[in-house]
Amino acid sequence: MSALIHRVRQFIERHHLIRARARVVAAVSGGSDSTALLQILRELDGAGDLELAGVAHFNHQLRPAADDDERFVARVAADLGLAYVVDREAIALRAARDGRSIEDAARTARYEFLERSRVQLNADVVAVGHTRDDQAETFLLRLVRGAGPRGLAGIHPRHGAVVRPLLECRRQELRAWLARRHAEGHPGCQYLQDETNDDVTIPRNRVRAELLPLLVSRFNPASVDVLANEAELQRDLWNWMEDASSALLSSPGLAAGALDLESLRRASPALRRLAIWRAMNAASGGRPITFDHVACAIRLIEAEDGDGKALDLPGHRLQRIGGQIVLTSGKGSRNLANPANLFRIPLSTPGEVVIPGTGDLVSVEHAGDAWMLSTGSTGSIGPLGALEQERCATTGNGLVACVRHDLVRGSLAVRNRRPGDRFRPVGLGGSKKLQDFFVDRKVARHERDSVPLVVDETDHVIWVAGHGIDEAFQVTDASQAVLVLRLTRAGQARCKHAEDLS
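In structure tokens form, the structure reads like this:
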């Protein structure tokens with residue numbers, strides 16, 4: 006057995022990544038790292054260390070060559086006699102729909118697929134091909150973006166059922182090993198080159214192509230190893246800090262969502278900051294908590310006259326009450342005009358709901374098969390009739406909005422605004438805070454909390470009723486399935502219901 010295989014085996018044992026004879030799925034993109042991973046797992050399978058359950062490949066549909074990559078990996082799996090699981094998703098569409106970056110949407114979709122693959126192949130873990138070079142790149146990326154021990158800990162050897170056995174291997178040594186195996190006649194050792202790796206507009210590629218070579222050539226030839234080792238040190242530090250800060254989050258005698266003021270003041274600055282950050286993240290409903298948010302909370306804790314004062318923060322409110330710091334999520338979290346009047350009402354399709362406080366009515370219906378896009382003064386909007394004059398229907402900045410049904414995730418609901426709400430107004434070219442959108446639209450402050458928002462199961466804002474739809478849901482083709490959303494003002498709604506009863 007080669008020195009490389011022996012080193013990977015030791016890494017697996019040291020970090021308890023794969024138990025003896027466990028079933029392992031190899032996640033293979035077709036590049037050199039994942040190809041080396043597949044070959045190493047085959048060697049360990051042959052040695053009786055594990056059982057290689059099969060190959061998993063996810064097609065992100067982001068590159069012209071993505072389908073070729075998929076076929077290439079399928080051939081490799083067939084040549085090696087391995088089970089093969091593949092899935093694909095239009096990641097760019099998912100990113101636009103969810104208002105997330107391409108990188109973030111791709112990562113989420115990929116790990117969802119890997120878990121499905123693990124279940125389908127009846128495996129214990131999924132192995133991915135991250136290397137020591139990836140670790141160094143990740144450390145640098147997070148350092149320049151701003152991160153503490155948690156972020157600088159980089160890529161962990163294990164995350165749930167996903168394991169990374171190659172984290173102590175350099176990319177170049179893996180490629181050299183593959184070249185030797187290929188020369189010896191081993192099948193499946195050739196790999197693909199991803200042309201997007203040359204695109205230095207992508208931050209990771211810029212770190213790989215520009216920053217790391219500069220560090221290696223001008224500062225320290227061992228920069229990759231130094232940075233990867235630093236990530237490991239930060240990971241140990243983070244694990245210790247998590248354990249130590251947990252005591253501050255579970256002080257006896259305090260209700261859930263409360264912290265003891267004196268305990269926080271006695272703690273070291275690092276543990277105090279971490280405990281507050283963890284508590285704020287738990288209360289924020291997934292909305293990001295920044296360095297400045299935590300700094301504001303620390304100032305409130307340290308203030309001599311802070312009792313009774315509060316901070317409105319993303320997704321929650323933090324208030325100092327006597328000897329406690331109380332964090333309130335959701336309904337108590339925001340500087341709404343009247344927080345007690347927050348609402349969220351399911352909206353069936355077709356169906357309608359009455360908005361609390363205003364009596365306005367929001368309804369939804371299918372447009373039907375005869376839908377056609379308006380194409381100018383002679384255009385038509387098919388069965389919707391009067392909508393032919395509603396030129397704002399496809400932007401939603403009137404009382405009617407036409408949106409793509411195929412992009413709606415799950416069932417609809419109608420609610421009013423929440424902290425951190427964002428959406429992508431048509432034509433803006435990016436996302437915007439709902440608060441700023443209301444200011445731009447000159448919506449009076451006292452009216453903003455009663456503006457209905459139509460959302461889907463993922464809480465994605467589809468329509469700010471009467472003001473605009475999210476650009477991802479804009480109808481652009483006559484073949485698309487369409488939902489028609491309507492806002493009927495209270496007086497008109499009463500007339501409508503009177504007619505229904507007559």
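Each residue of the sequence shown is one higher than the one before, starting from 6 at the first, in this note's numbering.
Note that beta-carbon positions come from the ideal geometry of N, C-alpha and C, so glycine has one too.
All values reported here derive from a predicted model rather than from experimental measurement.
Note on Arg494: under 16 other CB atoms within 10 angstroms of its CB, so exposed under the neighbour-count rule.
The C-beta distance from Val13 to Cys174 rounds to 7 Å, short enough to meet the 8 Å contact threshold. A straight line joining the alpha-carbon of Gly165 with that of Val130 spans about 8 Å. Straight through space, the alpha carbons of Glu189 and Arg283 are spaced by roughly 53 Å. With a contact defined as Cβ atoms closer than 8 Å, His371 and Arg414 miss out at about 17 Å.
Secondary structure remark: continuous beta strand (DSSP E) runs of at least 3 residues inside the segment 126-208, in chain order: 130-132. DSSP places Ser7 outside any beta strand (DSSP E), giving it a letter other than H or E. Counting only residues of its own chain and dropping the five nearest sequence neighbours on each side, Val221 has a CB closer than 6 Å to the CB of Ser228. Where Pro351 is concerned, the enclosing beta strand (DSSP E) starts and stops at Arg349 to Leu352. Apart from the 5 residues on each side of it in sequence, Leu49 sits with its Cβ closer than 6 Å to the Cβ of Leu55 in its chain, given in chain order. Exclusion of the five residues before and after Asn202 leaves Asn210 as the residues of its chain whose Cβ lies within less than 7 Å of its Cβ.
It is roughly 7 Å from the alpha-carbon of Glu267 to the alpha-carbon of Gly328. Excluding residues up to 5 positions away in sequence, nothing lies with its Cβ nearer than 6 Å to the Cβ of Gln198 in the same chain. Of the candidates Phe428, Gly432 and Leu433, the residue whose Cα lies closest to the Cα of Leu439 is Phe428. Inclusion of Ala32 and Ala132 in the CB contact set at 8 Å is warranted, their separation being smaller than that value. Assignment of Asp312 by DSSP, reduced to helix, strand and coil, places it in the coil class. If the five residues before and after Val448 are omitted, its C-beta is found closer than 8 Å to the C-beta atoms of Val456 and His472, all from its own chain and listed in chain order. Secondary-structure assignment with DSSP links Trp468 through a beta bridge to Val459 and Ile474. Sorting Arg163, Arg420, Ser436 and Leu238 by C-alpha distance to the C-alpha of Asp365 places Arg420 at the top. A distance below 7 Å between beta-carbons, with the five flanking residues on each side excluded, links Gln140 to the following residues of its chain, in chain order: Gly159, Ile160, Leu172, Ala233 and Ala236. A direct Cα-to-Cα measurement between Arg180 and Leu98 gives close to 34 Å. Judged by beta-carbon spacing, Leu492 lies within the 8 Å limit of Val367, meaning their Cβ atoms are closer than that value. Counting the other Cβ atoms within 10 Å of the Cβ of Ser255 gives fewer than 16, which makes it exposed. Secondary structure at Gln440: helix, using DSSP grouped into helix, strand and coil. Per the C-alpha coordinates, the member of His298, Val489, Asp441 and Val459 positioned closest to Val369 is Val489.
Taking C-beta separations shorter than 6 Å and ignoring five residues to either side along the sequence, the partners of Ala249 in its chain run Leu276, following chain order. With a minimum length of 3 residues, the unbroken runs of beta strand (DSSP E) contained wholly in the segment 392-438 fall at 405-409 and 417-420. With a threshold of 16 other beta carbon atoms within 10 Å, Ile45 meets it and is buried.
Around the C-beta of Thr399, 16 or more other C-beta atoms lie within 10 Å, and the residue is accordingly described as buried.
Looking from the CA of Ser39, the closest CA among Asp454, Gly134 and Leu305 belongs to Gly134.
For Ala61, the enclosing beta strand (DSSP E) has its first and last residue at Leu55 to Asn64. In this structure, Leu417 sits near Thr354, with a CB-CB distance shorter than 8 Å. Comparing C-alpha distances from Gln66 to each of His321, Ala214, Ser273 and Glu94 shows the shortest one belongs to Glu94. Glu108 sits in a helix when the DSSP states are folded into three classes.
Ranked by Cα distance from Val231, the first of Glu142, Arg102, Asp109 and Gln125 is Glu142.
Here the alpha carbon of Ala406 sits roughly 15 Å from the alpha carbon of Gly356.
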